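Take a look at the structure below.
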Amino acid sequence: MTTHAFAPLTFAVPLIVAALLRAAPTAIPRRVADVAAVVAAAVSALLATALAWASTEAPIVHWVGGWRPQGGSVVGIPLVADPLASGLIALAGVLTAAVLIFSWRYYRTVGTLYHTLTLVFLGGFAGFVMAADLFTMFVFLELMSIAAYALTGFKIEADVPLTGALNFAVTNTIGAVLFLVGGTMIYARAGTPNIAEAGQRLAGAGTDELVVVAFALIMTGLFVKAALLPFHFWHADSHAVAPTPICVLFGCVLIEVGIFAAARVHVGVFAEVLGADTGALQAVLLTVGLVTGAVTAVMCVLQSHLKRLLAFSSIAHVGIVTAGWGLLTSAGLAGAAVYVAGHGFVKAALFLLVGILLHHLDSVDEAQLHGRARGSPAAGGLFVAGGLALAGMPPFGMFTGKALIDSAGKDAGVAWLGTAVLAIAAVTGAAVVRAGLRIYAGVGAPAPRDPDRPDESEDYVDHAPARTPRTMIVTAAVLMIAGAATGAPQLVTAAEHAAGLFVDADVQAAAVLGGDQAGTPSVDRTSAWSADSVIEGMLAAAVALGLGIVTARRAGAPGAWGTESASPYSPVRWLRLMHSGRITDYVVWLCIGCAVLVSTSLLALR
Amino acid sequence: MTAVAGALPYVVAAFLLCAGWYGMATSRNLLHLVTCLSVLHSSTYLLLLGVGYRAEGTAPIYDDVPVGTPGVDPVVQALAVTDIVVGAAVLALLLALVMQVHKRHGTIDPQALRGMDG
Amino acid sequence: MAERVRIATFLVALGVVGGGLGWAMLDLPPVDATAADYGLRMIDIAVEQRQTANAVAAVLFDLRLMDTLGEVFALFAGAVSVQMLLREMEQEHTTTPDDRVGDRPVAATSDAMRIAAARLVAPAALIGIAIIVRGHLSVGGGFQGGVLVAAAAVLVYVAGRYRQMTRLLPHQVLDAGETVGAAGFAGVALVGVVVTGALGANYLPTGALGSLLSAGTIPVLSVLVGLEATAAVALIVAEYARQALQVEGDVE
Amino acid sequence: MVGDGVTLLQSLILILVAAAGWAVVTTRNPARQAMTYGFYGLTLAVLFLTFHAPGVALSQALVSGVAVPLLLLFAIGRVRKDDHG
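Chains as they are written, first to last, in the working numbering: chain C, 847 to 1452; chain W, 3 to 120; chain G, 2 to 253; chain E, 513 to 597.
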């Protein structure tokens, strides 16, 4: 068996174990099911890592069913494993394993359905990332989403707004439909659903309204998944409902995969046919990314519900990732990739720390938790370190990722990009630092309880060990260390190389359709670790720390950030009103966003 | 005229998509909203089959027509079947969620349901 | 957002989206002149290289098996989700639905309808099974047949009662059916990796066009999908029926 | 013949589908809507038959014509019972 056969196993293994576990609850002891699920996720991660390792020179292609192209035309569905795709699956696999380990003491009452759905999510995710075919992407997008919707609504007995799960499911289904409509239009024009082949044929036929509108629809669909403004509402709402471990998967890989898929479809299908003017598209993507980042960074600061705070922070960071990709250069994409890796581990650790708080103190509300976790200095230290890492402190992956995006921005003539990214990251970091200081150190005045805010409790926790189960805190610490390791210079080099492969449509097409690879892609090398970048990173961390301390001291006092402003014209009030939690409003926002993307694309790209 | 008539399936598909969307935005009942989502979803079935249709083709099933007769595109048909199944699965899940929302919050009027604000 | 402003904004946006869609679709090749040579090529491959009369089945269970893998697991996950979301909550009494609401029975199905339904059960199930098994030869396949078999189970419900239905198809059987269907599908596909190095490779002899034992793994996979679809649909319907019929016992 | 490709019959069914779809959206009473939806699903199934897609038509008829209305009615029943129970 050669390495290419690993590609289908990354999703087939979790799926088959999921199916077997489904009927298992009575047949096998509970602990066996726990271990089997973790092993399945870990195997998927290992296979993906091996693929990433083996595909550094050229993408590895596996033809499902053995249907290689016949007579120069595609027949089957190719799974394309390159280091970026495989790396993303490896990240998801590791985090899924961590989530399942963390959940060992959770959720006894529902047998193995929780395991089953978590593994189906991973399987759908891996299939979605691997498949270089528009139709297959749609099916696996839906598969992954169904598992995610169900996991969101998992805590039907807890006092949480279940509408969050519904909002998630409805908006994302519309997104998937729009993706399929766009994909079908491409199929009608190019005569093939294969990404590489469609790209070549479109490039030959030239652009018109059809191609441009299909592009806008596909991007709308994927941006809904990526939770970019104004499609982001579902993300924070889902966090108010979903079990804390599941939030790890949502915040760290689910929304990021939207950007990955957007990049893959853009490079494969649209880059050449829309290529005449990358400036316009670059401007659109930078705007979308940075506006998303700025608005949700503010929302992040306004939250006192910890899971929602982290959710808005995730969206802000996806905004940064979008901006990195939006430069449409390999250097920008490399920065985005490193950023995703660093963010994934750190954010996962933060969510698990919140899970521990919930486990002990039955609350995820910053105001209610004020000073109540003084007894856990280790957890508090990890929490604040996580905040600083989000701000871009060395040596975490977000530091190197940001440095790469910064220098890529300068090369692409967007010199201010680094500053904008720094500001967004510092603000989201400050919010986490503030919450950490208030909860674990009791900084500032305790806030009066808001009677409208119900307590949340994780009803399925086995009640209730006095000490934190070691699996929980150790998992969080290990993830934080992994987050620091993603800043290693070797990973930067590898990501630059991988991004060079990824954005070169010729390399991708050669791997899928055969033919000669036109030389090795040029790779820009930046040294992410320079004196300047380290100083900048420390500066960002210092800003986050300072802001965090100031806001922590002032929080709870009247008129502080985050308290309801009296003025009807206050922008903060408008922002809050926008996040109404009503699905009918979100449907309208989705339509507005889609209309903006369609009309801008028609004006700028045609 | 011919171009317009040839595009009629696509136009109807686009109409169904917009109609479903409109119904969702104006809905006052989550069961209604979910059904409208299903209408929006069904526009893709029509679009897919429209794209694969050829008047001179037969159904791509050669049990009682001779092999070699031109057929219509089987790929979009297979995907339409898949799409219908996936749509049904999503719908079943959504309706289950609606029942739970009603149990918890006592209403399924989306205007009356508020999540956590801000 | 004021309601009027909201709707007006929405209609403008919807107009832009719809207009853009319409404009783009006029650029589509008119129906009847499609350029999708990909799909048309599939027919030849299905018949010549796989001895499969039903090209749609060949696409579903061989040429583009990966899509169907996703579909099978989407249905699987859908049923699991419904089961999980509608599980009995601790506050609810676990009363078995007995087709009564409060003191009065659920609107009894009329005798004529019950007899008609009872007569339809067997034919529906048989036709369903035939559609599943002959998926590679003629119209339909595992999914359509599976829904039909599940519909037969629903007819049992119409003819008799909830209890008969659950006695005929208890949860454990349906759970196991789902596992066998989904895991079996993925398993048959995985054997392909071992035998030929490709997921879902068709490693069984393809036989002669038109015979029941032809087309290699295609009928096997069709049967597994049929099992999965039957179990999933029956499970979903049973869970819903339980919700609708459950005697109110919620503790406030 | 109206134009190349789409026959008169198909055009008529297409218009019926559009009308039925609009009826589903504008029927605000869920129980009635379930029935309208079933009808809409069946018109789509007939349309797919004329598009030479019998397999899709069969799926569509079974799912939209039977299964989905059934689920909708069960869900409506549950919600009503909670309201009046």
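Where a beta carbon is used, it is the ideal one built from N, C-alpha and C, also for glycine.
Since we're looking at a predicted model, the values are computed, not measured.
Item: Give a yes or no on whether the minimum CB-CB distance between Thr60 (chain W) and chain E is below 7 Å.; Value: yes
Item: At a Cβ threshold of 7 Å, is His34 (chain W) touching chain E?; Value: yes
Item: Please compile the residues from chain E whose C-beta is within a distance smaller than 7 Å of the C-beta of Gly79 (chain G).; Value: Per Cβ cutoff of 7 Å: no residues; Gly79 (chain G) is ~11 Å from chain E at best.
Item: Listing by chain order, which chain W residues have their CB less than 9 Å from the CB of Gly533 (chain E)?; Value: Val14, Phe17, Leu18, Ala21, Gly22, Val41, Ser44 and Ser45
Item: With a threshold of 8 Å on Cβ separation, who are the neighbours of Leu18 (chain W) within its own chain once the five nearest residues in sequence on each side are excluded?; Value: Val41, Leu42, Ser44, Ser45 and Leu48
Item: Go ahead and pull the three-state DSSP assignment for Asn55 (chain G).; Value: strand
Item: Give the residues of chain C in contact with Ser82 (chain G), contact being defined as C-beta atoms less than 9 Å apart.; Value: Leu959, Leu963, Ile992, Ala993, Tyr995, Ala996, Leu997 and Gly999
Item: Tell me the start and end of each unbroken alpha helix (DSSP H) in the segment 1259-1299 of chain C that is at least 4 residues and wholly inside, in chain order.; Value: 1263-1287
Item: Taking Cβ positions, are Thr1274 (chain C) and Val1184 (chain C) nearer each other than 7 Å?; Value: no
Item: In the segment 966-982 of chain C, which residues sit with their C-beta less than 9 Å from some C-beta in chain W, listed in chain order?; Value: Phe981
Item: Can you pull the chain C residues whose beta carbon is under 7 Å from the beta carbon of Thr197 (chain G), in chain order?; Value: Gly912
Item: Restricting to Cα atoms, I'd like to know which of G:Val238, G:Asp63 and G:Val17 is closest to Gly1 (chain G).; Value: Shown here, chain G extends from 2 to 253; a query on residue 1 (chain G) therefore has no answer.
Item: Please return the same chain residues whose Cβ sits closer than 8 Å to the Cβ of Gly1290 (chain C), not counting the five positions on each side in sequence.; Value: His1216, Leu1283, Arg1284, Ala1398, Arg1399, Arg1400, Ala1401, Gly1402 and Ala1403
Item: Does any C-beta atom of chain G lie closer than 7 Å to the C-beta of Gly1037 (chain C)?; Value: yes
Item: If the criterion is Cβ atoms closer than 7 Å, does the pair Leu1127 (chain C) and Leu1063 (chain C) meet it?; Value: no
Item: Taking Ile1438 (chain C) as the query, report the chain G residues whose CB atoms sit under 7 Å from its CB, ordered along the chain.; Value: Thr10 and Ala14
Item: Look at the Cβ atom of Phe1096 (chain C), then the Cβ atom of Ala972 (chain C), and state whether they are nearer than 7 Å.; Value: no
Item: Report yes if the C-beta distance between Ala887 (chain C) and Thr998 (chain C) is below 7 Å; otherwise report no.; Value: no
Item: How is the alpha helix (DSSP H) around Trp1420 (chain C) delimited, first residue to last?; Value: Pro1417 to Met1424
Item: Rounding to the nearest angstrom, what Cα-Cα distance links Gly533 (chain E) and Gln102 (chain W) in this structure?; Value: 27 Å
Item: Would you tell me roughly how many angstroms separate the C-alpha atoms of Ala1015 (chain C) and Thr519 (chain E), rounded to the nearest one?; Value: 38 Å
Item: What residues of chain G sit near Gly922 (chain C), judged by a beta carbon separation below 7 Å?; Value: Leu64
Item: Can you pull the chain G residues whose beta carbon is under 8 Å from the beta carbon of Leu866 (chain C), in chain order?; Value: Thr180 and Ala184
Item: Return yes when at least one heavy atom of the ligand MG lies under 6 Å from the C-beta of Leu1198 (chain C), else no.; Value: You won't find the ligand MG in this model; it holds no ligand whatsoever.
Item: Take Tyr549 (chain E) and list the residues in its own chain whose beta-carbon comes closer than 8 Å to its own, dropping the five residues that flank it on each side.; Value: Val536, Ser576, Val580, Pro581 and Leu584
Item: Classify Pro1241 (chain C) as helix, strand or coil using the three-state DSSP reduction.; Value: coil
Item: Taking only beta-carbon positions, decide if Leu225 (chain G) is within less than 7 Å of chain C.; Value: no
Item: Quick check for students: name the residue ranges of the alpha helix (DSSP H) that lie wholly in the segment 1031-1115 of chain C, counting only runs of 4 or more.; Value: 1041-1051, 1055-1072, 1079-1087, 1090-1095 and 1101-1111
Item: What is the DSSP secondary structure of Gly73 (chain W), reduced to helix, strand or coil?; Value: strand
Item: Below 9 Å on C-beta distance, what does Leu48 (chain W) contact in chain C?; Value: Residues of chain C passing the Cβ test: none, with the nearest at roughly 10 Å.
Item: In this structure, does DSSP put Ala924 (chain C) in helix, strand or coil?; Value: As written in the sequence, residue 924 (chain C) is Pro, which differs from the Ala given in the question. Strand, per DSSP.
Item: Taking C-beta pairs closer than 8 Å, name the residues in chain A that Asp1208 (chain C) reaches, listed in chain order.; Value: The question asks about chain A, but that chain is absent: this structure's protein chains are C, W, G and E.
Item: Beta-carbon within less than 7 Å of Val53 (chain W)'s beta-carbon, same chain only, minus the 5 sequence neighbours each way: which residues are those?; Value: Val78
Item: Taking Cβ-Cβ distances below 7 Å as the criterion, which residues of the segment 101-112 of chain W are in contact with chain G?; Value: Met101 and Gln102
Item: Using a Cβ cut-off of 7 Å (strictly closer), state whether Arg72 (chain G) contacts chain W.; Value: Position check: residue 72 (chain G) holds Glu in this sequence, whereas Arg was assumed. Chain W, which has a Cβ nearer than 7 Å to the Cβ of Glu72 (chain G), makes this yes.
Item: Applying the 10 Å Cβ sphere with the 16-neighbour rule, what's the burial state of Leu214 (chain G)?; Value: exposed
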